[in-house]
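Novice: Numbering (my numbering), first residue to last: 171 to 330. Quick reminder that beta carbons are idealized off the backbone N, C-alpha and C, glycines included. Please see the structure below; I have some questions.
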């Protein structure tokens, strides 16, 4: 946002708007979950959490899309449209968020693969170390067997 020329106050407002959308999405999910358990409270009307600025409305649309809150997204799009945000601007914001979500999913997939590879390599290392320990033990036993004839020879001849 700073690269786009946003002031510190505008950035703070954008953060507050995004957090408000995230919190609203959390409340919607919580109510839905509690209704499934039949312990939910009365139905609460979901309202737009964006302020009256076009920037705030765009941030709210982006945040609602980012957290997959369909009901909230529809509401934020309607609110943004009422504030004069164009369809092109909405599509650009949603496209940017979709790109970011796709990149995040890609990196998450890479992290999972790297962790699986790390675990596989750790298992191989553990097996290698166990095999190495067995080999060392086998070499010790073989060395004892090599000395056994000398020891038995000494005991039969009376040498020390």
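Restricting to Cα atoms, I'd like to know which of 237, 254, 206 and 189 is closest to residue 264.
Specialist: Ranking the options by Cα distance to residue 264, first place goes to 237.
Novice: Starting from residue 226, trace the alpha helix (DSSP H) both ways and give me its first and last residue.
Specialist: Element bounds for residue 226: 224 to 236.
Novice: CB residue 198 to CB residue 239, shorter than 8 Å?
Specialist: Against a cut-off of 8 Å, the Cβ pair of residue 239 and residue 198 comes out as a contact.
Novice: Measure the beta-carbon distance from residue 234 to residue 282 and round it to whole angstroms, keeping in mind my assumption that it falls under 8 Å.
Specialist: Rounded, the Cβ-Cβ distance is 27 Å, inconsistent with contact.
Novice: Output the boundary residues of the alpha helix (DSSP H) element that contains residue 239.
Specialist: Where residue 239 is concerned, there is no enclosing alpha helix (DSSP H), given that its DSSP letter is neither H nor E.
Novice: Whole-angstrom Cβ separation of residue 203 and residue 224, contact assumed at under 8 Å?
Specialist: That belief does not hold up - the Cβ atoms of residue 203 and residue 224 are roughly 34 Å apart, past 8 Å.
Novice: With DSSP collapsed to three states, give me the class of residue 176.
Specialist: It is coil, neither helix nor strand.
Novice: Under 8 Å by Cβ, that's how I've got residue 257 and residue 227 pegged, so tell me the actual separation to the nearest angstrom.
Specialist: Wrong, their Cβ atoms sit about 13 Å apart, outside the cutoff.
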